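Just add 54 to the spot in the sequence shown (first one is 1) and you have the working numbering.
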Amino acid sequence: MQRRDFLLHLGTMAALAGMAGAPCAASAQTRLAPLWPTPVKARARVVVVGGGFGGATAAKALRTLSGNTVEVTLIEPNAAFVSAPLSNLVVGGNLRVTDLTVPYDALVARHGVAWRRTRVSRIDAGRKQVQLADGSRLPYDRLIVSPGVALHREAIGGLSEPATAEALPVGWTDARESAMLHARLRAMPDGGVFAITIPEAPFRCPPAPYERACQAAAWLKQHKPRAKVLVFDANDEVLAEAEQFHDVWRTQFGGMLEYHPQFNCTEVALDGARQLARFELGEEIRADVLNVIPPMRAGEIATSSGLATANGRWCDVDFLTFASTVQPDIHVLGDAVQIAPQMPKSGHMANQHGKVCAAAIVAMLAGRPVNPEPLYSNTCYTFVSGTEAMHVASVHRYDASQRTMMPVQGTGGASPRATREEFALGLAWAQGIWADMLA
């Protein structure tokens, strides 16, 4: 599909956009719906750090659910939101980064969120203040931290060296690097090798590395058919939609794409015009384009503030409120959270976190009980080419006896195969959830 036709198709799917937002709100807050909006009488200030799927959703929901009575300040240094979901379509040449970009204007103008375009350098939990990059301080009654993930480059030898980091864009936390990866595919010789290495779980968006391999293979199949795509996975098997991915690789990219499980990348190096990866058991491979995805952990502000108490990587929370287990006035959302059983780190799930957290904060500020049994869903669409996609979905309910979220048996599931219809639905999902967060 040509990019012009792709974007036309994306625009026509906007009519279906509500399908992503409405179910999120309903599943997360049905039990408390009669209470909203709930005005908060006393002046309350909530600061939200991070304007991604979790933070932006929480900021908007706090204003909406409180009848605009809670003062909300969003701390986000980027000029606009850029979606990580769909960014592999940039790697495959089907979209540009600008197509994934949504402004924060409506949060400010329509919903009254105060936006500070800067970074938080320090959290002073004792004084209930955040220190901004310019040294100024901002007080809060409740703080929401939605920092995304940080790449643990130091876990792979050589990856943190400046020359290597520049030569090997990861494309996981910065969509501009996805565009760099596509540029490297274009520069790769026909007959060259694109290799991707996948870390041990957990990491952001379990299907995404395999989706990226598909996007690269689809583009190379059309433009450089003698190329090879090598997938080296530290895990025992594909982490999501395994049967479907193997089917796509066999039927669409047979002879071009090879999948190798139990290959844990431990070191990288530059070898002239080629790039080298070494693995745990001593194996080496050389590639023309090497995409090394390192292990991940909670974003920097979470780890530096002592919130990442789970193996020093992730943040333990109370799933009823998303309050940190070590700082109850600080709530942590999204990929930074230590996951519950079978709960993925995904944009859709972060959106759900934001709504549950916002509702809990408004309830607490208004002196009302918190929803004792939140229920929320997750959907991940995987685009395996420029025309076909598939999805995996799940539903999760709070289990009071285990004090965590548990999958609801008999719900969710995955597409039997990738189809054009799923591709259209995936575009609609993106339009819907972006509007749900930011419109």
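Heads up, the beta-carbon is just placed ideally off N, CA and C, and yes, glycines get one too. Treat the numbers as computed from the prediction; the structure is a model and nothing was measured.
- Excluding its 5 nearest sequence neighbours in each direction, V156 has C-beta neighbours in its own chain below 7 angstroms: A134, F135, W488 and L492, listed in chain order.
- The three-state secondary structure of A323, taken from DSSP, is strand.
- Non-local beta-carbon contacts of F286 in its own chain, meaning distances under 6 angstroms to residues more than five positions away in sequence, involve T251, H314 and F317 in chain order.
- Per the coordinates, the alpha-carbon of N289 lies some 25 angstroms from the alpha-carbon of A221.
- Following the DSSP letters along the chain, one finds H402 in no beta strand (DSSP E) but inside the alpha helix (DSSP H) bounded by residues G401 to L419.
- Looking at the DSSP output, N345 bridges to I250.
- Per the DSSP secondary-structure output, F135 pairs in a beta bridge with V156.
- With a contact defined as Cβ atoms closer than 8 angstroms, A187 and R173 qualify at about 5 angstroms.
- For P428 and L197, the gap between their C-alpha atoms comes out near 21 angstroms.
- E312: member of the beta strand (DSSP E) spanning L311 to P315, first to last residue.
- Counting only residues of its own chain and dropping the five nearest sequence neighbours on each side, F299 has a CB closer than 6 angstroms to the CB of Y264 and V292.
- Taking 8 angstroms as the upper bound for CB-CB distance, G421 and L387 are not in contact here, some 23 angstroms apart.
- In the structure shown, L274 falls within a helical segment according to DSSP collapsed to helix, strand and coil.
- Separation of P201 and P423 (C-alpha to C-alpha, rounded to the nearest whole angstrom) is 27 angstroms.
- Contact between the region 262-281 and the region 235-254 is established, with three or more Cβ pairs separated by less than 8 angstroms.
- For F107, the uninterrupted alpha helix (DSSP H) run begins and ends at F107 to L119, by DSSP.
- In the three-state scheme derived from DSSP, where H, G and I count as helix and E and B as strand, E338 is classed as strand.
- Bridge pairing for N432: S448 [DSSP].
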